[in-house]
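J.: Chains as they are written, first to last, in the numbering used here: chain A, 1 to 409; chain B, 1001 to 1409.
There are 2 protein chains.
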Amino acid sequence: MSNCVVAQSGGPSSVINATVAGIIKANQLNPIYDHVYGGLNGIEGILKQNFVDLTRMTEHENLVLRQTPSSALGSCRYKLKRRNVEDFEKIISTMEKFDIETLFYVGGNDSMDTVAALTEYTAANGITGRRFIGCPKTIDNDLMVIDHAPGFASSAKFIATTALQCWQDLHVYPRSRKEVFILETMGRDAGWLAASACLSGIVDVLIVPEVAFDKEVVLERIRDCIEVKAKCFVVISEGAHYEDGTYIAAAEAKNDIFGHAVLGGAGKALEQMILDENVCTRVKVQDLSTAQRCHASEQSQIDVIESFRLGLSAHMRSMDKSFTGKMVCLKRRTDVQEYDVEYFAVDADQVANYVRNFPVEWLLPDFWGITEEAINYMKPLIQGTPAIIMKDGLPEQTIPYYLGGKTIE
Amino acid sequence: MSNCVVAQSGGPSSVINATVAGIIKANQLNPIYDHVYGGLNGIEGILKQNFVDLTRMTEHENLVLRQTPSSALGSCRYKLKRRNVEDFEKIISTMEKFDIETLFYVGGNDSMDTVAALTEYTAANGITGRRFIGCPKTIDNDLMVIDHAPGFASSAKFIATTALQCWQDLHVYPRSRKEVFILETMGRDAGWLAASACLSGIVDVLIVPEVAFDKEVVLERIRDCIEVKAKCFVVISEGAHYEDGTYIAAAEAKNDIFGHAVLGGAGKALEQMILDENVCTRVKVQDLSTAQRCHASEQSQIDVIESFRLGLSAHMRSMDKSFTGKMVCLKRRTDVQEYDVEYFAVDADQVANYVRNFPVEWLLPDFWGITEEAINYMKPLIQGTPAIIMKDGLPEQTIPYYLGGKTIE
């Protein structure tokens, strides 16, 4: 027999560990690999031969891993470049050295490109017996092909819940007090997370990257709201931008090593416009920041189950020795009334490097929010509350492996 | 028979509505009042005769009210001044008009001053048959006499949980990547909320208002942390200040109508110091802002139960016609090993206008966090997870009464 390794990449989510937990559990149900190794910090862990052995994780450890946010194996932003042949050689030689047949890579579209690139490399060089399988995740929900990305639903649930509860807070002072509340969410290129706040039913103005920010229209909308009901609840994506592409939060934008803009501050920028233009004298901004991707104590149960099962599915499909260069995937069933999904696989290169935007036809005109169709798409995803295992009043969590796990020789 | 009215004041919390729910339920168990009215927006609602009738609330509505954050009856910041005799006359005449015998006032130390002032006024003017009873709340936990303030525990639980999960997120990139995470909490004068983050066990540096901010020591501590383990997790109160009293967030401080400073931005100010002094080049700030006082989907069960029972206790004690000018209170039992409380009453003027700070003897030197004694004090308070009634994947909530409730004539 041989071994497999699982690694995680990209930004954390509330359920990326659930997919790892699924792969580990699948191998306990059907031990087709001698060992399930965890590669620390994504592809960097493979390059540096930095592994932990996850094979005999207990059920309790597995359950705790599922409810632990972030990436217990650590993540990386290291992108495998096709011209860096040494990286590919190093990965293959490491897999040979540790007798690793299959690499499961849990991540977003950059990670699916890694899966595709490694598969191309082995095919082009006649290397056999090394396989690469992608498992999807991203809170941004901007992956192609898949109905929705694991991780999105839990962030959506946290965002919608927080929106609802901040709206309660906004309404605490007398009706006559005029006030604007701005909730800022992540979403550099896609408005899914901001749009998910609309599940709460209380969003007055929604600003997403899919539609250019029109200052005049937005301020007019806020002014009207204040006029009618004294309060206005605004949700804005960090990636909100003007027609010419300039981010509202432009003053604070920096680039990350992939050339993606690191944003933040769209809410603050909008607050300043509201104050400058005398639309309202009271504005509060809540930037959900890191909490929206790691507040796992409020996971969506649907999200946890699907993420776990995508891990199971990836492992089970890897019984087929020709299964490589694929990403396991979710499709919403259309043959039944209730929400249900079916699992399938897609070529990783169909997902790699593309971005799926929030459909503009799901946006109401003039920043009024989203359509019923959009609500109907998202609502089933946030259902269910998993039973969280608590310890001393706080959710029990897996210590990040590089702090606690043993490495193997 | 006569009626009673309940009103809420001060900043919202996750469980202030649970106390109102307790008063309503008590009157259903023992209907000593014909009607339980809700006064909208605190004392302003009494002055403006703005009431809703809560007497026959169903059990389901009661349970939903308990899990709804903020103040369903609305709050106010209106402070009754002893020299404004007309206000007192107006309140008494309103109580007479609506045959209201008892005013239950749920709030913090400003509200207890209102209870005390009204009681003094009736005594001084020989007015009988009008009584004023305070029920404590404040997430700040800075009330005197009471072991801990209702509302604190749920905020503490949210803060500690978020700290733990943000710490997971901080550890996602390779060990070598140096990074500081700053979590900013509320707490203008008292460090209770910031200190509660230490329940997570992951706080490296804690900055509270009780000890003057020493830039040199703090930056040195952060530098040492980064040196040893590449990451540093800092928690800072919005009210952190220098020896001379200047707030770290001074640039952004404004005053509210009580002359209290409205703060925010201590985390951002510290981030700038860390960057300017080259302590670390990566810093992330999470300001918990409004969410920390309204994220009721993660209430502490202990907190909900105690808040509800304080409402029961206030109502039950009001059977005694001499019971006025009092606040219902919690004392931790010392005659048993496990955590338990007993309920008693205290004169409202013993609580009014005082602030209880976080004990400096519970702080470790050089911003290292808090002592075991402090942990032992807080840990029992965050225990238990209430079953939240969900609707379409989100917690079901009571619509603020001024938006949905009928007013009475």
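C-beta atoms are modelled at their ideal positions from N, C-alpha and C, and glycine is treated no differently.
So, under 8 Å CB-CB, residue 1316 of chain B and residue 1026 of chain B are touching, yes? Tell me the CB distance rounded to an integer number of Å.
T.: On the second sequence, residue 1316 of chain B is found 316 positions in, with the first residue counted as 1. On the second sequence, residue 1026 of chain B is found 26 positions in, with the first residue counted as 1. Going by Cβ atoms, the distance from residue 1316 of chain B to residue 1026 of chain B rounds to 6 Å, so yes, they are a contact pair.
J.: Could you run through the stretch 314-343 of chain A and flag, in chain order, every residue whose CB is less than 7 Å away from some CB of chain B?
T.: Result list empty, no residue passes.
J.: Taking the continuous beta strand (DSSP E) assigned at residue 315 of chain A, which residues delimit it?
T.: Translated into the one-based positions of the first sequence, residue 315 of chain A becomes position 315. Counting along the chain, residue 315 of chain A falls outside any beta strand (DSSP E), though it belongs to the alpha helix (DSSP H) covering 301-317.
J.: With 9 Å as the threshold, decide whether the Cβ of residue 253 of chain A is near any Cβ in chain B.
T.: Against the first sequence, residue 253 of chain A aligns to sequence position 253. In this prediction, residue 253 of chain A scores a pLDDT of 49, lower than 50, which makes its location untrustworthy; no coordinate-derived value is stated.
J.: So for residue 344 of chain A, helix, strand or coil by DSSP?
T.: On the first sequence, position 344 is the one that residue 344 of chain A refers to. Strand at residue 344 of chain A.
J.: Would residue 397 of chain A be called buried (16 or more neighbouring beta carbons within 10 Å of its own) or exposed?
T.: The count along the first sequence starts at 1 and reaches residue 397 of chain A at position 397. Answer is buried; the Cβ neighbour count reaches 16.
J.: Please report the distance separating the alpha-carbon of residue 333 of chain A from that of residue 1045 of chain B.
T.: Working through the first sequence from its first residue, we reach residue 333 of chain A at position 333. Working through the second sequence from its first residue, we reach residue 1045 of chain B at position 45. Near 52 Å, if we compare the C-alpha coordinates of residue 1045 of chain B and residue 333 of chain A.
J.: In the stretch 289-304 of chain A, which residues sit with their C-beta less than 9 Å from some C-beta in chain B, listed in chain order?
T.: Per Cβ criterion, the list reads 289, 290, 291, 293, 294, 295, 296, 297, 298, 300 and 302.
J.: Check each candidate in B/1062, B/1146 and B/1088 and name the one with the smallest Cα separation from residue 1341 of chain B.
T.: Your numbering for residue 1341 of chain B matches position 341 in the second sequence. Answer by Cα proximity: B/1146.
J.: Kindly list, in the order they appear in chain A, the residues whose Cβ is closer than 8 Å to that of residue 1044 of chain B.
T.: Within the second sequence, residue 1044 of chain B is the residue found at index 44, counting from 1. The contacting residues are 174.
J.: For a minimum of 3 consecutive residues, which ranges assigned as the beta strand (DSSP E) are wholly contained in the stretch 29-54 of chain A?
T.: DSSP runs (the beta strand (DSSP E)) wholly in the stretch 29-54 of chain A: 33-39 and 51-53.
J.: Starting from the Cα of residue 67 of chain A, find the closest Cα among A/308, A/320, A/361 and A/80 and give me that residue.
T.: The count along the first sequence starts at 1 and reaches residue 67 of chain A at position 67. It is A/308.
J.: Using a Cβ-Cβ cut-off of less than 7 Å, list which residues of the stretch 1151-1172 of chain B approach chain A; keep chain order.
T.: Going along the stretch 1151-1172 of chain B in chain order, one finds 1157, 1160, 1161, 1162, 1164, 1165, 1166, 1168, 1169, 1171 and 1172 with a Cβ nearer than 7 Å to chain A.
J.: Pick out whichever of B/1191, B/1243 and B/1190 has its Cα sitting closest to the Cα of residue 1216 of chain B.
T.: In the second sequence, the residue the question calls residue 1216 of chain B occupies position 216. Answer by Cα proximity: B/1243.
J.: Within 10 Å of its beta-carbon, does residue 1291 of chain B have 16 or more other beta-carbons around it, so buried, or fewer, so exposed?
T.: Here the question's residue 1291 of chain B lines up with position 291 in the second sequence. Residue 1291 of chain B is buried by the Cβ-count criterion.
J.: Per DSSP, what kind of secondary structure is residue 184 of chain A in: helix, strand or coil?
T.: Counting from one through the first sequence, the residue named residue 184 of chain A turns up at place 184. Note: residue 184 of chain A maps to strand in three-state DSSP.
J.: Relative to the C-alpha of residue 86 of chain A, which residue among A/95, A/47 and A/62 is closest?
T.: For the purposes of this step, residue 86 of chain A is taken as the residue at position 86 of the first sequence. If we check each option's Cα against that of residue 86 of chain A, A/47 comes out closest.
J.: What residue range does the beta strand (DSSP E) around residue 1 of chain A cover?
T.: For this step, residue 1 of chain A is matched to residue 1 along the first sequence. Where residue 1 of chain A is concerned, there is no enclosing beta strand (DSSP E), given that its DSSP letter is neither H nor E.
J.: Measuring only the C-alpha atoms, how far is residue 1285 of chain B from residue 1271 of chain B?
T.: The count along the second sequence starts at 1 and reaches residue 1285 of chain B at position 285. The count along the second sequence starts at 1 and reaches residue 1271 of chain B at position 271. Looking at the two C-alpha atoms, the distance is approximately 7 Å.
J.: In this structure, how does DSSP classify residue 1161 of chain B when only helix, strand and coil are distinguished?
T.: Translated into the one-based positions of the second sequence, residue 1161 of chain B becomes position 161. It is helical.
J.: Would you list, in chain order, the members of the stretch 56-81 of chain A that have their beta-carbon closer than 7 Å to a beta-carbon of chain B?
T.: Correct list: 68, 69, 70, 71, 74, 75 and 76.
J.: Starting from residue 1177 of chain B, follow the beta strand (DSSP E) in both directions and report where the run begins and ends.
T.: Within the second sequence, residue 1177 of chain B is the residue found at index 177, counting from 1. Taken as a continuous stretch (DSSP letters only), residue 1177 of chain B belongs to no beta strand (DSSP E), as it is neither H nor E.
J.: Mind checking residue 101 of chain A: buried by the 16 CB within 10 Å criterion, or exposed?
T.: Taking the first residue of the first sequence as 1, we reach residue 101 of chain A at position 101. So residue 101 of chain A ends up on the buried side.
J.: Jot down the residue ranges of each uninterrupted alpha helix (DSSP H) in the stretch 1104-1142 of chain B, minimum 4 residues, whole runs only, in chain order.
T.: Here the runs fully enclosed are 1109-1124.
J.: Does the CB of residue 1403 of chain B have a neighbour CB from chain A at under 9 Å?
T.: The residue you call residue 1403 of chain B lines up with position 403 of the second sequence. Yes, contact with chain A.
J.: Taking only the alpha-carbon atoms, compute the straight-line gap between residue 1174 of chain B and residue 41 of chain A and give it to the nearest angstrom.
T.: Counted from its first residue, the second sequence places residue 1174 of chain B at position 174. Counted from its first residue, the first sequence places residue 41 of chain A at position 41. Distance between the alpha carbons of residue 1174 of chain B and residue 41 of chain A: 6 Å.
J.: Residue 1365 of chain B to residue 194 of chain A, Cα distance in whole Å?
T.: The count along the second sequence starts at 1 and reaches residue 1365 of chain B at position 365. The count along the first sequence starts at 1 and reaches residue 194 of chain A at position 194. Using only the alpha carbons, I get a separation of about 42 Å.
J.: Identify whether residue 1088 of chain B lies in helix, strand or coil by the three-state DSSP scheme.
T.: The residue given as residue 1088 of chain B occupies position 88 in the second sequence. If DSSP states are grouped into helix, strand and coil, residue 1088 of chain B belongs with the helices.
J.: Between the alpha carbons of residue 304 of chain A and residue 1107 of chain B, how many angstroms are there, rounded?
T.: Position 304 of the first sequence, counted from the first residue, corresponds to residue 304 of chain A. Position 107 of the second sequence, counted from the first residue, corresponds to residue 1107 of chain B. The straight-line gap from Cα to Cα measures roughly 39 Å.
J.: Closer than 9 Å, Cβ to Cβ, to anything on chain A: give me those residues from the stretch 1004-1030 of chain B, in chain order.
T.: Result list: 1008, 1011, 1012 and 1014.
J.: Just grab the DSSP bridge partners of residue 410 of chain A for me.
T.: The shown model of chain A, from 1 to 409, leaves out residue 410 of chain A, and the question about it has no answer.
J.: Assuming contact is defined by CB atoms lying nearer than 9 Å, are residue 1158 of chain B and residue 1298 of chain B in contact in what I supplied?
T.: Locating residue 1158 of chain B in the second sequence gives position 158, where the first residue counts as 1. Locating residue 1298 of chain B in the second sequence gives position 298, where the first residue counts as 1. Contact: yes.
J.: Start and end of the beta strand (DSSP E) containing residue 1224 of chain B?
T.: Taking the second sequence and counting its residues from 1, one reaches residue 1224 of chain B at position 224. No beta strand (DSSP E) holds residue 1224 of chain B; the alpha helix (DSSP H) holding it covers 1215-1229.
J.: Looking at the unbroken alpha helix (DSSP H) that takes in residue 1274 of chain B, where does it start and where does it end?
T.: Stepping through the second sequence from its first residue, residue 1274 of chain B is reached at position 274. Taken as a continuous stretch (DSSP letters only), the alpha helix (DSSP H) holding residue 1274 of chain B covers 1266-1276.
J.: In three-state terms, what does DSSP make of residue 1093 of chain B?
T.: If you number the second sequence from 1, residue 1093 of chain B lands on position 93. Of the three classes helix, strand and coil, the one that applies to residue 1093 of chain B here is helix, per DSSP.
J.: With a threshold of 8 Å (Cβ to nearest heavy atom), would residue 1399 of chain B be considered close to the ligand GTP?
T.: The ligand GTP is absent from the structure shown, which contains no ligands of any kind.
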